[in-house]
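Engineer: Encoded as structure tokens, here's the structure I'll be asking about.
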Amino acid sequence: DVREIRANTDFKISSRLNASMDINYRNNNWQTPVSEFNVFNTMFHGSLWAVPKYPNGTYGLSAQGNNPLMYAEIAGLSKNIQDYLFGSAKAEWEIIPNLKFSTQYAVRYTFEQNKNYTNAYTITDYFNTSLVRKTIPRSSLTEIRSNIRETTLNNLLGYSNTFGQHDVKALVGYSEIQNKYNIINAYREDFYNNDVQSIGAGSDNNKNNGGSDSQWGLRSFFGRANYAFADKYLFEANARYDGSSRFTGDKVYSFFPSFSAGWRVSEEKFFDAFKNIISELKLRGSWGKTGNQAVGLYSYFQTLNSSTYTFGGSVVQGYVQSNLANPGLTWETTTQTDIGLDAQLWSNRLSFTFDYYDKLTDGILLNLPIPTTVGLNAPPQNAGKVGNKGIELGLNFRNKTKSGFAYDFGLNFAQNENKVIDLAKTGPYISGSDIDPRYIIKEGLPYNAHWGYKTDGLFQTTDEIKAYPTIVSNAKPGDVKYVDLNNDGKINSDDMTFIGLTFPRYTFGLNTNFSYKNFNLFTQWQGAADVDTRLSGALAEMGNYEGFTHKIYTDNYWTPENPNARFPRPVKLDLRNVSTSDRMIIDGSYFRLKTIQLSYSLPKGILEKVKANRATIYVSGTNLLTFSKLNEWNLDPEAESGRATYYPQTSLTTIGLNVQF
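All letters in the sequence shown, in the order written, are residues 3 to 663 by the working numbering.
Written out as structure tokens, the structure reads:
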């Protein structure tokens, strides 16, 4: 449930002074099952053989005690309210001709209320009435109140003028952001019943409360200068001096310059001979630095956490430092060089853009190892480097025939090479597990790449098993043959290697627009290539732990009679054949018709009869067609690897009428 109010007001105080005020208030009110994750997770991965609901209204249970419908209907509710208020006041003063000053003050306020109530309940399976299979003995309530108050002040002084063939623009500014955050929470158990959901109605025996306050600020001084000669030689310089409260000492402020230049070759006299083909050609280049303050608050400060200890035979409250502080933290910096060109051909019917970029992000935060004798957790340090190189291409062609048929094609393409350059001689950093996606951050590899075993088909005979190392001691024909990559005669984590990309190397899109008389057809396509999805949970486990088995496994698993099957032999409660490997990696490339719309604009004669300025009848569709290898797994190619516990994208068809009076 969303309610929103907007108000915009403009004032012309004098011929040289203008002002405006904007107000936006929005209220979001929604509720979900308190175990929303369990609803989706167990639907796929832990409720095989569970009857959703028996005729008598009771729920069935899997051997693990799961039932997604039960979690959705009786496990409890999470009730959420969010109030958002944004207000802005702006004034613009023309001090003298060509010189303007503007100031803006804005306030953003967000208040959230979360009430998460977990019911107490007991479920007995209909076919096993003597045995209680699922019991949540205690009801509980967690209430959270949080608010954010953020103010922004912007002051700008701008100058622009033209002197013959010289165009000059300059801008200086000051910006300041202040953010304050507060959160309080309370917890209680053992309520009288599930209908009494007030925090004060819970038991005094099991209760807790907490809260915290934080604040941060950002202050920036910046300037920009533009110069153009004869509208063909272009230059721009930018400079920022940013300071963040997330750092301390001489690390608070950092300087970020950037420069760009362009040459409109098509404006030169020697280019006149090509104007009948290329009407516009511009070469450009840029270099610059940008900063990122993505550091945890107070990482430079020796913070203390509450704890308890025994003193004099009694438990008393105390405080302890658990993390080592690093006052040397500073801005993460990205340096980027870009070379590009823009062109328009054949009377601007064809437009073309091309960019090559080389981007290096330096000072990425890492928790580098420290001696254990310190007795504290390692602090973050500015030590990592990640590089990105690639190209971006845009192409658009439009035309209109003598009969009135018009068409427009827009194509975009991007290619990116990502690599971890430096981890300060540490790492690799591996995350994930053997049954879920496993990722690695390692020098020389793409960032957060898939990591696992290489495989070489399936074992077919016991003799083959005896002649090659196995991941388990009791391997049998039909099991996966994991490659002994380092040839040490055993299969373990030392044999893991790079097995796939988590970020696409190529992204692309296509927009088309066709119109004839009052009809118009628009399509939007998007896609990605050279990206990999890692299957996980029931999608990969073949029913191992009561997860639903995909139909793709039907008659397609190894048996002595079917030795060339796509999948290994099924083994109950045994994950030997689903260890993270290239067998779990599926090509995640896709090409999708994101949007299609056919519309018809009513002719002028009908509009006059109904006294309308414009009226359009349309039919549109979203996510109607996708080409991807993931289709056979019924997976959304835009979703990340894992257990597919996301709410899937929907295919939507809409018929509508848009009338403007």
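By construction, the Cβ of each residue, glycine as well, lies at the ideal position given by its N, Cα and C atoms. Predicted model only: the values in this text are computed from it and were never measured.
Would Ser246 and Ile185 be called neighbours here (beta carbons separated by less than 7 Å)?
Structural biologist: It is not a contact, given that the beta carbons lie outside the stated cut-off.
Engineer: Out of curiosity, what's the CA-to-CA distance linking Ala227 and Tyr183?
Structural biologist: Rounded to whole angstroms, Ala227 to Tyr183 spans 37 Å at the Cα level.
Engineer: Is it right to say Ala542 is buried, meaning 16 or more other beta carbons lie within 10 angstroms of its own, or is it exposed?
Structural biologist: Per the 10 Å Cβ criterion, buried.
Engineer: What is the residue span of the alpha helix (DSSP H) that Ala345 lies within?
Structural biologist: From DSSP, Ala345 is part of no alpha helix (DSSP H) but of the beta strand (DSSP E) over Glu334 to Leu347.
Engineer: Please report how far the alpha carbon of Lys404 lies from the alpha carbon of Lys519, in whole angstroms.
Structural biologist: Each residue's alpha carbon lies about 12 Å from the other.
Engineer: DSSP three-state call for Lys444: helix, strand or coil?
Structural biologist: If DSSP states are grouped into helix, strand and coil, Lys444 belongs with coil.
Engineer: Within its chain, find whatever has a CB closer than 7 Å to the CB of Gly590; leave out the 5 residues flanking it on each side and keep chain order.
Structural biologist: Within the same chain, Gly590 has close Cβ partners Val533, Asp534, Thr535, Leu632 and Pro639.
Engineer: Please report the straight-line C-alpha distance between Asn208 and Arg140, rounded to a whole angstrom.
Structural biologist: Rounded to the nearest angstrom, the two C-alpha atoms are 10 Å apart.
Engineer: Going by the CB atoms, is the gap between Gly502 and His452 shorter than 7 Å?
Structural biologist: Their beta carbons are under 7 Å apart, which means His452 touches Gly502 by this criterion.
Engineer: Is it true that the CB of Tyr302 sits closer than 7 Å to the CB of Thr250?
Structural biologist: It is a contact, given that the beta carbons lie within the stated cut-off.
Engineer: Let me know the secondary structure DSSP gives Leu299 once reduced to three states.
Structural biologist: Leu299: coil per DSSP, three-state reduction.
Engineer: What's the C-alpha gap between Val485 and Val376?
Structural biologist: Cα-Cα distance, rounded: 41 Å.
Engineer: Is the CB-CB distance between Ala385 and Asn369 below 7 Å?
Structural biologist: Taking 7 Å as the Cβ cut-off, Ala385 and Asn369 do not qualify as a contacting pair.
Engineer: Let me know the secondary structure DSSP gives Met498 once reduced to three states.
Structural biologist: If DSSP states are grouped into helix, strand and coil, Met498 belongs with coil.
Engineer: What are the residues that DSSP puts in a beta bridge with Phe356?
Structural biologist: Leu343 and Leu395, per the DSSP bridge assignment.
Engineer: Classify Gln217: buried if its beta carbon has 16 or more other beta carbons within 10 angstroms, exposed otherwise.
Structural biologist: It is exposed - the Cβ of Gln217 has fewer than 16 other Cβ atoms within 10 Å.
Engineer: Quick one: using the 10 Å Cβ neighbour count with 16 as the cut-off for buried, is Ala469 buried or exposed?
Structural biologist: Exposed: under 16 other Cβ atoms inside 10 Å.
Engineer: Whether or not the stretch 410-429 and the stretch 506-514 are in contact is what I'm after, with contact meaning three or more pairs of Cβ atoms, one per stretch, closer than 8 Å; do they touch?
Structural biologist: The answer is yes - the stretch 410-429 touches the stretch 506-514, with three or more Cβ pairs under 8 Å.
Engineer: In chain order, what residues of the same chain lie with their CB nearer than 6 Å to the CB of Lys284, ignoring the 5 residues before and after it?
Structural biologist: Here the set comprises Gly264, Arg266 and Asp344.
Engineer: Which partner residues of Asn187 appear in the DSSP bridge assignment?
Structural biologist: Bridge partners of Asn187: Ile146 and Gly212.
Engineer: How about the stretch 349-363 and the stretch 304-319: do they share at least three Cβ pairs that are nearer than 8 Å?
Structural biologist: Judged by Cβ distances under 8 Å, the stretch 349-363 makes no contact with the stretch 304-319, as fewer than three pairs qualify.
Engineer: Could you check where the beta strand (DSSP E) with Ile201 kicks off and where it finishes?
Structural biologist: Premise fails: Ile201 is in no beta strand (DSSP E) and is neither H nor E.
Engineer: Taking the alpha carbon of Pro382 as the reference point, which residue from Thr463, Val422, Leu299 and Gly315 has its own alpha carbon closest?
Structural biologist: Out of Thr463, Val422, Leu299 and Gly315, Leu299 has the C-alpha closest to the C-alpha of Pro382.
Engineer: For a test of the three-state rule: what should DSSP assign to Ile437, helix, strand or coil?
Structural biologist: Reduced to three states, the DSSP call for Ile437 is coil.
Engineer: Where do the ends of the alpha helix (DSSP H) carrying Ala542 lie?
Structural biologist: Taken as a continuous stretch (DSSP letters only), the alpha helix (DSSP H) holding Ala542 covers Ala540 to Glu543.
Engineer: When you compare only the Cα positions, how much space is there between Ala108 and Leu159?
Structural biologist: C-alpha separation (whole angstroms): 18 Å.
Engineer: Between Asp576 and Gly59, what straight-line distance do the alpha-carbon atoms span, to the nearest angstrom?
Structural biologist: In a straight line, the C-alpha of Asp576 is about 35 Å away from that of Gly59.
Engineer: Rounded to a whole number of angstroms, what is the C-alpha to C-alpha distance between Ile467 and Thr561?
Structural biologist: Taking the straight line joining both Cα atoms gives about 16 Å.
Engineer: Might you give, ordered along the chain, the residues of its own chain that have their beta carbon closer than 7 Å to the beta carbon of Phe39, omitting 5 neighbours on each side?
Structural biologist: Excluding sequence neighbours, Phe39 sits near Thr647.
Engineer: Measure from the alpha carbon of Thr105 to the alpha carbon of each residue in Asn156, Ser433, Gly204 and Ser214, then state which is nearest.
Structural biologist: The shortest Cα separation from Thr105 among Asn156, Ser433, Gly204 and Ser214 belongs to Asn156.
Engineer: From Ile608, Leu63 and Ile587, pick the residue whose C-alpha is nearest to that of Phe500; which is it?
Structural biologist: Comparing Cα positions, the closest option is Ile587.
Engineer: Which same chain residues, not among the five before or five after Met45, have their C-beta less than 7 Å away from its C-beta?
Structural biologist: So the list reads Pro70, once near-sequence residues are dropped.
Engineer: Tell me, please, which residues DSSP counts as bridged to Asn379.
Structural biologist: The partner list for Asn379 (beta bridge, DSSP) reads Asn325.
Engineer: Rounded to whole angstroms, what is the Cα-Cα separation between Asp12 and Lys92?
Structural biologist: Cα to Cα, the separation comes out at about 9 Å.
Engineer: Can you tell me where the alpha helix (DSSP H) holding His452 begins and where it ends?
Structural biologist: Unbroken run through His452 is the beta strand (DSSP E), Ala451 to Gly454; no alpha helix (DSSP H).
Engineer: For His552, collect the residues of the same chain with a Cβ closer than 7 Å to its Cβ; drop the 5 residues on either side in sequence, then sort them by chain order.
Structural biologist: Answer for His552: Leu541 and Trp635, listed in chain order.
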